[in-house]
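Participant:
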Amino acid sequence: MSLAAVLYEKNYLASEGLINSNGRRHSRAVVGNVPRKLSYNEEVNNIGAECSLAEHLKLSCYQLQILQQSWPRIKSQGALLTVFRDLTLNNSSAREMFQKMSIVEGFLSGKCCDQKEHLRVLIELIDYLMQNLNGPVRCCQQKCQQIGEKHFIIFGGTLNKVRIWDDFGECLSDAFAKSEPVRGKREAFKAWITLTTFLVEYTRIGYLQQSKKR
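Going by the numbering used here, the sequence shown opens with residue 1, and the numbers climb by one from there.
#1: What are the boundary residues of the alpha helix (DSSP H) that includes T194?
#2: In this structure, what does DSSP give as the bridge partners for S52?
#3: Using only alpha-carbon positions, find the residue among Q63, F98, T88 that is nearest to G169.
#4: Taking the C-alpha atoms as reference points, what is the distance between N45 and I126?
#5: So the candidates are K58, R163, C144, F176; which of them puts its Cα closest to the Cα of V83?
#6: Are the beta-carbon atoms of R85 and Q115 separated by less than 8 Å?
#7: For C51, count the other beta carbons within 10 Å of its own beta carbon; 16 or more makes it buried, fewer makes it exposed. Which is it?
#8: Is it buried or exposed for N134, if we count other Cβ within 10 angstroms and need 16 for buried?
#9: List the endpoints of the continuous alpha helix (DSSP H) containing L129.
#10: Could you tell me which of Q209, E187, K178 sits nearest to Q77, measuring between CA atoms?
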């Protein structure tokens, strides 16, 4: 597992309250006392819960600047072109699903789409998050959840049973880590993994919420 993948998993576990600030897993007894992460509905209905995406992610001013300056370069250099290719190499279920996608359709049609279409949607989603770093976190959560909901329309309940979401997060983190604007830069690395964790987690939440409605 790459360093980016390890740090992505650590960041996700920390957001779930499963590890402490030193990166160690809590014992079963301690986990029960750790305040659980609020669900989306609890967050937006909580008094004072409304904040910007940057505040929600606890990004420093420097990290915020790094994200805004590095994203145009990351995008123009095609650094994310390998994300879904790597996902199919690392996850057999993802590989099988992409192999079955012979017709390229948009998400809004409710039909399947290939790796190229997935990449387009991913870049549009990151564009949205970057444009709204100082906007309400609720809007960014909803945008990610909408993408997750559309994945349920495409795949049904199959994504409940496999590690696709975690593997996707690791592949995306790895792509950012290898990009020229981020490679070897600690704060840039931390900022992008933090944003990646948010993107993947709320996309997953949207998918799971949609699956529970069926």
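The beta carbon of each residue, even a glycine, is placed where N, CA and C say it ideally should be.
Facilitator: In short, the structure shows the following:
#1: Indexing the sequence shown from 1 puts residue 194 at position 194. T194 -> alpha helix (DSSP H) spans 186-213.
#2: Taking the first residue of the sequence shown as position 1, residue 52 is located at position 52. Bridge partners of S52: P136.
#3: For this step, residue 169 is matched to residue 169 along the sequence shown. Out of Q63, F98, T88, T88 has the C-alpha closest to the C-alpha of G169.
#4: Locating residue 45 in the sequence shown gives position 45, counting from the first residue. Locating residue 126 in the sequence shown gives position 126, counting from the first residue. With a pLDDT of only 44 at N45, under 50, the local geometry of the prediction cannot be trusted, and no value is derived from it.
#5: Position 83 of the sequence shown, counting from 1, holds the residue named residue 83. For V83, the nearest C-alpha among the options comes from F176.
#6: The count along the sequence shown starts at 1 and reaches residue 85 at position 85. The count along the sequence shown starts at 1 and reaches residue 115 at position 115. In this structure, R85 sits near Q115, with a CB-CB distance shorter than 8 Å.
#7: Residue mapping note: residue 51 aligns to position 51 of the sequence shown, counting from 1. Exposed, by the Cβ-count rule.
#8: Stepping through the sequence shown from its first residue, residue 134 is reached at position 134. So N134 ends up on the exposed side.
#9: As a working note, residue 129 is residue 129 in the sequence shown. Segment 115-131, the alpha helix (DSSP H) holding L129.
#10: What you label residue 77 is simply residue 77 of the sequence shown in a count that begins at 1. Among Q209, E187, K178, the Cα nearest to that of Q77 is on K178.
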